[in-house]
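Chemist: If you want this note's numbering, it's the position in the sequence shown, counting the first as 1, plus 154.
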Amino acid sequence: MTTLENRPGTALLVVDVQVGVVAQAYRRDEVLANIAALVDRAREQGTPVVWVRHSSDELPLASEQWQIAPELAPAPDEPIVEKRYGDSFEDTTLEATLAEQGVGRLVVTGAQTDACVRSTLHGGFVRGYDVTLVSDAHTTDDFSQWGAPTPDLVVAHTNLYWQFQGGPGRTADVASTADVTLGA
């Protein structure tokens with residue numbers, strides 16, 4: 155139901171699953187295993203997989219921290235979109251990459267739930283994409299010492315509110331790794 159014309163396809167978006175981003179992440183191993191299972195399923199079904207990789211002062215380009223987590227490996231033909239802002243669309247090649255592949259629906263996974271994942275969910279939605287959040291394939295660190303809720307609550311709240319997001323001509327929904335549809 156996307157508002158993007160001639161874009162019936164779906165892409166699996168893997169946001170910032172990098173060594174330095176997920177090192178201390180909530181339920182890290184389970185989340186990465188779920189993302190790996192989704193990547194395998196997408197590849198088997200011919201669904202494009204698009205990787206997003208953040209760089210910053212804390213994640214310098216080409217550093218060990220900046221690398222994609224070793225449990226995951228982009229295939230040589232899968233695009234890696236480099237970014238410096240929370241929203242994966244902001245000042246990146248993501249929109250052009252998705253348009254080239256006829257994608258109008260995003261299935262979103264990754265880290266940090268309360269930062270880049272959330273920004274990307276909203277960024278895609280306001281740009282006209284249908285956006286599905288995979289409920290058990292996103293994670294965050296514990297920032298509660300700075301006043302944030304604990305990671306379990308951040309993940310639960312994001313899953314809760316995203317299922318009620320709405321807008322004309324597009325959909326937002328939440329599905330588990332086992333239940334998400336990767337096809338168009």
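Just so it is clear, CB atoms sit at the ideal spot from N, CA and C, and this is done for glycine as well.
Touching or not, the segment 270 to 286 and the segment 179 to 199, by the rule of three or more beta carbon pairs under 8 Å?
Modeler: no
Chemist: Hey, L166 and V193 are a contact pair by Cβ (cut 8 Å); roughly how many whole angstroms apart?
Modeler: On the sequence shown, residue 166 is found 12 positions in, with the first residue counted as 1. On the sequence shown, residue 193 is found 39 positions in, with the first residue counted as 1. Taking a contact as a CB-CB distance under 8 Å, the pair L166 and V193 counts as one, their CB atoms being some 7 Å apart.
Chemist: Using the rule of at least 16 other Cβ atoms within 10 Å of the residue's Cβ for burial, across every protein chain shown, is Q221 buried or exposed?
Modeler: Position 67 of the sequence shown, counted from the start, is the residue given in the question as residue 221. It is exposed - the Cβ of Q221 has fewer than 16 other Cβ atoms within 10 Å.
Chemist: Do the CB positions of T286 and L260 come within less than 8 Å of each other?
Modeler: To locate residue 286, count along the sequence shown from 1; it is residue 132. To locate residue 260, count along the sequence shown from 1; it is residue 106. In contact: T286 and L260 (Cβ atoms closer than 8 Å).
Chemist: Classify T286 as helix, strand or coil using the three-state DSSP reduction.
Modeler: Within the sequence shown, residue 286 is the residue found at index 132, counting from 1. DSSP places T286 in strand when its eight states are reduced to three.
Chemist: Between V334 and the rest of its own chain, which residues show a CB-CB distance below 8 Å, the 5 nearest in sequence each way excluded?
Modeler: Position 180 of the sequence shown, counting from 1, holds the residue named residue 334. Taking C-beta separations shorter than 8 Å and ignoring five residues to either side along the sequence, the partners of V334 in its chain run L192, V261, T286 and V288, following chain order.
Chemist: What residues are listed by DSSP as bridge partners for R259?
Modeler: Reading the sequence shown from its first residue, position 105 is the one you call residue 259. According to DSSP, R259 bridges with T164 and D284.
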